[in-house]
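Numbering (UniProt numbering), first residue to last: 1 to 121.
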Amino acid sequence: NSFCTLLASLFNNLMSIVQKPEYVPPRLPVLTTDEAHVAAQSAREELAAEEAAHHAAGVLHAVTKDSAASAAQLEARVAALRAEMAALEAESESCEAEEAQRAAEARSAIVAAQRAYGQSR
1 NSFCTLLASL FNNLMSIVQK PEYVPPRLPV LTTDEAHVAA QSAREELAAE
51 EAAHHAAGVL HAVTKDSAAS AAQLEARVAA LRAEMAALEA ESESCEAEEA
101 QRAAEARSAI VAAQRAYGQS R
(Lines of atoms letter the chains of each structure in order from A; the text may use other names.)
(Lines give C-alpha, C1' and ligand atoms only; values in the text may rest on other atoms or scores of the structure.)
Protein backbone atom coordinates (compact mmCIF):
# COMPACT_ATOMS: atom_id res chain seq x y z
CA ASN A 1 0.00 0.00 0.00
CA SER A 2 2.77 2.43 0.90
CA PHE A 3 4.60 1.28 -2.25
CA CYS A 4 1.56 2.17 -4.35
CA THR A 5 1.33 5.57 -2.64
CA LEU A 6 5.02 6.21 -3.29
CA LEU A 7 4.63 5.11 -6.91
CA ALA A 8 1.61 7.41 -7.39
CA SER A 9 3.48 10.31 -5.81
CA LEU A 10 6.48 9.79 -8.15
CA PHE A 11 4.13 9.52 -11.14
CA ASN A 12 2.39 12.80 -10.20
CA ASN A 13 5.73 14.56 -9.73
CA LEU A 14 6.95 13.27 -13.08
CA MET A 15 3.78 14.38 -14.85
CA SER A 16 4.03 17.88 -13.36
CA ILE A 17 7.59 18.12 -14.75
CA VAL A 18 6.66 16.77 -18.19
CA GLN A 19 3.51 18.83 -18.70
CA LYS A 20 4.09 22.21 -20.26
CA PRO A 21 1.95 25.22 -19.60
CA GLU A 22 -0.39 26.15 -22.42
CA TYR A 23 0.86 28.77 -24.84
CA VAL A 24 -0.90 32.05 -24.41
CA PRO A 25 -0.28 34.39 -27.33
CA PRO A 26 0.61 37.94 -26.38
CA ARG A 27 -2.21 40.38 -26.60
CA LEU A 28 -1.73 42.73 -29.51
CA PRO A 29 -2.46 46.35 -28.83
CA VAL A 30 -5.58 47.69 -30.38
CA LEU A 31 -4.56 50.28 -32.99
CA THR A 32 -6.54 53.13 -34.36
CA THR A 33 -6.93 53.33 -38.13
CA ASP A 34 -4.29 56.05 -38.35
CA GLU A 35 -1.85 54.05 -36.22
CA ALA A 36 -2.48 50.99 -38.39
CA HIS A 37 -1.75 53.01 -41.55
CA VAL A 38 1.47 54.40 -40.02
CA ALA A 39 2.56 50.91 -38.94
CA ALA A 40 1.77 49.50 -42.40
CA GLN A 41 3.71 52.31 -44.11
CA SER A 42 6.65 51.72 -41.78
CA ALA A 43 6.56 48.00 -42.57
CA ARG A 44 6.43 48.75 -46.33
CA GLU A 45 9.43 51.08 -46.04
CA GLU A 46 11.37 48.50 -44.04
CA LEU A 47 10.53 45.82 -46.63
CA ALA A 48 11.60 48.13 -49.47
CA ALA A 49 14.91 48.83 -47.70
CA GLU A 50 15.49 45.09 -47.21
CA GLU A 51 14.72 44.40 -50.88
CA ALA A 52 17.07 47.20 -51.98
CA ALA A 53 19.83 45.81 -49.78
CA HIS A 54 19.25 42.32 -51.18
CA HIS A 55 19.34 43.66 -54.75
CA ALA A 56 22.55 45.60 -54.03
CA ALA A 57 24.13 42.46 -52.59
CA GLY A 58 23.19 40.57 -55.76
CA VAL A 59 24.65 43.27 -57.99
CA LEU A 60 27.82 43.37 -55.89
CA HIS A 61 28.13 39.58 -56.18
CA ALA A 62 27.74 39.74 -59.98
CA VAL A 63 30.30 42.57 -60.28
CA THR A 64 32.72 40.72 -58.02
CA LYS A 65 32.29 37.57 -60.10
CA ASP A 66 32.91 39.53 -63.33
CA SER A 67 35.91 41.26 -61.76
CA ALA A 68 37.38 37.93 -60.70
CA ALA A 69 36.97 36.60 -64.25
CA SER A 70 38.54 39.76 -65.69
CA ALA A 71 41.41 39.54 -63.22
CA ALA A 72 42.02 35.92 -64.22
CA GLN A 73 42.05 36.91 -67.90
CA LEU A 74 44.48 39.74 -67.19
CA GLU A 75 46.76 37.44 -65.21
CA ALA A 76 46.75 34.94 -68.09
CA ARG A 77 47.55 37.72 -70.57
CA VAL A 78 50.40 39.00 -68.38
CA ALA A 79 51.81 35.46 -68.12
CA ALA A 80 51.63 35.08 -71.91
CA LEU A 81 53.36 38.44 -72.43
CA ARG A 82 56.09 37.48 -69.95
CA ALA A 83 56.68 34.22 -71.81
CA GLU A 84 56.83 36.10 -75.12
CA MET A 85 59.26 38.62 -73.61
CA ALA A 86 61.50 35.81 -72.32
CA ALA A 87 61.51 34.21 -75.80
CA LEU A 88 62.41 37.55 -77.42
CA GLU A 89 65.21 38.12 -74.90
CA ALA A 90 66.60 34.63 -75.59
CA GLU A 91 66.43 35.29 -79.34
CA SER A 92 68.14 38.67 -78.83
CA GLU A 93 70.93 37.05 -76.81
CA SER A 94 71.35 34.43 -79.55
CA CYS A 95 71.60 37.16 -82.20
CA GLU A 96 74.14 39.06 -80.09
CA ALA A 97 76.21 35.89 -79.71
CA GLU A 98 76.09 35.28 -83.48
CA GLU A 99 77.13 38.90 -84.17
CA ALA A 100 80.00 38.59 -81.68
CA GLN A 101 81.10 35.35 -83.38
CA ARG A 102 81.00 37.00 -86.83
CA ALA A 103 82.89 40.05 -85.53
CA ALA A 104 85.57 37.79 -84.02
CA GLU A 105 85.84 35.88 -87.31
CA ALA A 106 86.08 39.16 -89.24
CA ARG A 107 88.85 40.44 -86.92
CA SER A 108 90.71 37.15 -87.36
CA ALA A 109 90.38 37.47 -91.14
CA ILE A 110 91.61 41.07 -91.04
CA VAL A 111 94.62 40.10 -88.88
CA ALA A 112 95.40 37.18 -91.25
CA ALA A 113 95.11 39.48 -94.27
CA GLN A 114 97.38 42.05 -92.66
CA ARG A 115 99.98 39.36 -91.93
CA ALA A 116 99.76 38.05 -95.46
CA TYR A 117 100.15 41.56 -96.83
CA GLY A 118 103.05 42.25 -94.48
CA GLN A 119 104.83 39.07 -95.56
CA SER A 120 104.33 39.77 -99.23
CA ARG A 121 106.09 43.15 -99.08
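A virtual CB, placed ideally from N, CA and C, is assigned to each residue, including glycine.
Check: Identify, in the order they occur along the chain, each residue of the same chain with its Cβ nearer than 7 Å to the Cβ of L47, setting aside the five sequence neighbours on each side.; Outcome: none
Check: Assuming A39 and L28 are in contact, meaning their beta carbons sit under 8 Å apart, how far apart are those beta carbons, in whole angstroms?; Outcome: Not really, about 11 Å apart at Cβ, beyond 8 Å.
Check: Do you know offhand how far Q114's Cα is from E93's?; Outcome: 31 Å
Check: List the endpoints of the continuous alpha helix (DSSP H) containing R115.; Outcome: T33 to S120
Check: Give the DSSP-derived three-state secondary structure of P13 in the structure shown.; Outcome: Contrary to the premise, residue 13 reads as Asn rather than Pro in this sequence. Residue state, collapsed to three classes: helix.
Check: Alpha carbon to alpha carbon, what distance is there between S120 and V111?; Outcome: 14 Å
Check: When the Cα atoms are used, what is the spatial distance from L7 to H54?; Outcome: 60 Å
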